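S.K.:
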Amino acid sequence: MSALLLSHARLIDGLGGAPRDACDVLVDDGVIAAIAPTGRLSLPDVTDRIRSIDARGLTLMPGFFDCHIHASTDPDQSALEAITEVESAKTLRAVPNLRATLLAGVTTARDLAGADSGFRDSIDRGVIDGPRLLVALRILSITGGHGDPRAINGLALDSGPGAGAIADSPDGFVRITREAIREGADWIKIAATGGMGSPRSHPEGGGLSEAEMRAVVDEANRHGIAGVAAHAIGADGIAAAVRAGVRSIEHGYLIEDATIEMMIERGTVLVPTLSTLTREVSSNAAPWVRAKRQKTIERAGERLRAAISAGVTVALGTDAGIVTHGGNLRELGLLVDFGLTPMQAILAGTANAARLNRLDDEVGTIEVGKRADLVATSVDPLLDIHALARPRAMSVIVQAGNLITQPTEAFPR
Ligand SMILES: [Zn+2]
């Protein structure tokens, strides 16, 4: 592999300090080999095989994370299509979605239902382009919960990410947790409450009992996987999930003040999926989805602002799949709209997300020895973070040292 020199860059390294002007970053063998003020790097071993990119005018940042995607789901898909389509169509649909995610500047993503280990491994092997993936496979749910999308006559309405594994006791949840781990899950996802897209569950109830959640968390910890992520909308379910020891609360829309304090104490991470909260509801959406959203959405905005301004650790996640793939970094601007500074939003998408996924030894900051997952943009993210939502906002994307896009190309490779 040839070495890569990014010169004259403005550096936001993901450690939280002020940007540094005019830096050179040398990438060799997939990792960051050296960082120095422009012109001060000595390049003895690599000068014959070095590829240089003039990053003057660009801000260089760590590659971003999206901690909540569904690669094999598309927002405009009808319920009928979702339950009738052949499995291969579901899988192949993910190929352009994953590529669009990478080209948005997302070099690592957590798929919280829908993608299995084959998606992850195919990206690792270079079979398809996409962010490095951590996968949860499916959502674990109680009968009638968010992962049990059945109509009252028993008809299963969705075989997509809403369709989960069902159990109804702590022992039952231990078994389905072990099954997911056997199939290669990096994360376990649970339905701590009902949701919007499942007909018989309610966002304010309908989740695992606290004892069931503790059983899942204990089992996940015993196996040393990354952790348990809880889909949680209603206040009681969020609080129970935090007490049970999950690592991340997904959505968290109706969180109460006491739970905000508990999350800060315990270091539980909030993934507020503002891209999904603020989206237009598709005209394909079922009437029950519209009704539930209307009830939740106004209060959610106020509660998430409270959590974010109180200082809960936030990690960037969009629920892409419910919203369009490839617009992932729109979430950065929304995080700022909801109370983070632009620098805090960048950290939510980089260092915080890396820690959440237990990958902070490898990625999430620009430091010597870290894997070279890097993005560079002509946007000044501290002045105009909303502009990172634009297509091709990232003029340079490097993944594990491989140049995915560079400034002179009209189109990516
Ligand atoms: Zn989701």
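Numbering of the sequence shown is given in UniProt numbering, commencing with residue 1 and proceeding in unit increments.
Don't be surprised by glycine CBs; every beta carbon is placed ideally from N, CA and C.
It should be emphasised that the depicted structure is a prediction, and the values quoted were computed from it without experimental measurement.
(1) Look at the Cβ atom of residue 134, then the Cβ atom of residue 110, and state whether they are nearer than 8 Å.
(2) Considering residue 59, what are the terminal residues of the beta strand (DSSP E) in which it resides?
(3) So is residue 413 buried or exposed if we call it buried at 16+ other beta carbons inside 10 Å?
(4) Residues in its own chain within less than 8 Å of residue 410 by CB, not counting five upstream and five downstream?
(5) DSSP puts residue 251 in a beta bridge; with which residues?
(6) How would you label residue 394, buried or exposed, when you count the other beta carbons within 10 angstroms and need 16 or more for buried?
(7) Where residue 78 and residue 205 are concerned, what is the direct C-alpha to C-alpha distance, given to the nearest angstrom?
(8) With a cut-off of 8 Å on the beta carbons, I'd call residue 194 and residue 145 a contact; round off their distance for me.
(9) Short of 8 Å in beta carbon distance, which residues of its chain neighbour residue 299, apart from the five on each side in sequence? Order them along the chain.
(10) Name the one or two DSSP bridge partners that residue 35 has.
(11) Judging by CA-CA distance, which residue of 349, 390, 389, 81 is the nearest neighbour of residue 13?
(12) DSSP three-state label for residue 196, please.
(13) Which whole runs of the beta strand (DSSP E) in the region 248-328 are 3 residues long or more, in chain order?
(14) Taking its Cβ as the centre, do 16 or more other Cβ atoms sit within 10 Å of residue 400, making it buried, or is it exposed?
(15) Alpha carbon to alpha carbon, how far is residue 65 from residue 106? Give it in angstroms, no decimals.
(16) In terms of residue numbering, what span does the alpha helix (DSSP H) encompassing residue 223 cover?
(17) Between residue 202 and ligand 1, is there a pair consisting of the residue's CB and a ligand heavy atom that are separated by less than 7 Å?
(18) Comparing C-alpha positions only, which one of 156, 68, 34, 103 sits nearest to residue 404?
(19) Does ligand 1 have a heavy atom nearer than 7 Å to the CB of residue 462?
(20) Is residue 413 helix, strand or coil by DSSP?
(21) Which term fits residue 341, buried or exposed, when burial requires 16 or more other beta carbons within 10 angstroms of its beta carbon?
(22) Can you check whether the CB of residue 191 is closer than 8 Å to the CB of residue 155?
(23) If I measure Cβ to Cβ from residue 56 and keep anything under 7 Å in the same chain, skipping five residues before and after, which residues do I get?
(24) Contact between the region 360-371 and the region 31-48 is defined here as three or more beta-carbon pairs at a separation below 8 Å; is this criterion met?
(25) Classify residue 71: buried if its beta carbon has 16 or more other beta carbons within 10 angstroms, exposed otherwise.
(26) Measuring from the CB of residue 319, is there a heavy atom of ligand 1 at a distance below 7 Å?
(27) Is residue 112 near ligand 1, with its Cβ less than 7 Å from a heavy atom?
(28) Apart from the five residues on each side of it in sequence, which residues of its chain come closer than 7 Å, Cβ to Cβ, to residue 276?
(29) Residue range of the beta strand (DSSP E) that residue 403 falls in?
(30) Nearest CA to the CA of residue 332: which residue from 291, 387, 371, 245?
(31) For residue 246, which of 219, 142, 258 has the nearest alpha-carbon?
(32) Can you tell me where the beta strand (DSSP E) with residue 398 in it begins and where it stops?
(33) Thinking residue 374 and residue 37 are a contact (beta carbons under 8 Å), I'd like their distance in whole angstroms, please.
(34) Cα-Cα, which of 184, 202, 308, 244 is closest to residue 117?
(35) Do residue 196 and residue 271 count as a contact pair if the criterion is CB distance below 8 Å?
(36) With a threshold of 7 Å on Cβ separation, who are the neighbours of residue 334 within its own chain once the five nearest residues in sequence on each side are excluded?
M.R.: The relevant details are as follows:
(1) yes
(2) 59-62
(3) Confidence is the limiting factor: at residue 413 the pLDDT is only 40, short of 50, which leaves the residue's position unreliable and the question unanswerable from this model.
(4) Confidence at residue 410 is low in this model, with a pLDDT of 45, below 50, so its placement is unreliable and the value that follows should be read with caution. Counting only Cβ-Cβ distances below 8 Å, and skipping sequence neighbours, we find nothing.
(5) 232
(6) That one is buried.
(7) 26 Å
(8) 6 Å
(9) Taken in chain order, the residues that qualify are 253, 254.
(10) For residue 35, DSSP records a beta bridge to 25.
(11) Cα-wise, what sits closest to residue 13 is 349.
(12) Under the three-state reduction of DSSP, residue 196 is assigned to coil, being neither helix nor strand.
(13) 248-251, 269-271
(14) Residue 400 is buried by the Cβ-count criterion.
(15) 5 Å
(16) For residue 223, the enclosing alpha helix (DSSP H) stretches over residues 210-223.
(17) no
(18) 103
(19) Absent from the model: residue 462. The displayed extent of the chain is 1 to 413, so no value can be given.
(20) With a pLDDT of only 40 at residue 413, under 50, the local geometry of the prediction cannot be trusted, and no value is derived from it.
(21) Exposed is the call here.
(22) Taking a C-beta distance under 8 Å as the contact criterion, residue 155 and residue 191 do not qualify as a contact pair.
(23) Only 8 meet the Cβ criterion.
(24) yes
(25) buried
(26) yes
(27) yes
(28) 318, 319, 322, 323
(29) 402-405
(30) 387
(31) 219
(32) 394-399
(33) 18 Å between Cβ atoms; not a contact.
(34) 184
(35) no
(36) These residues qualify, in order along the chain: 274, 275, 278.
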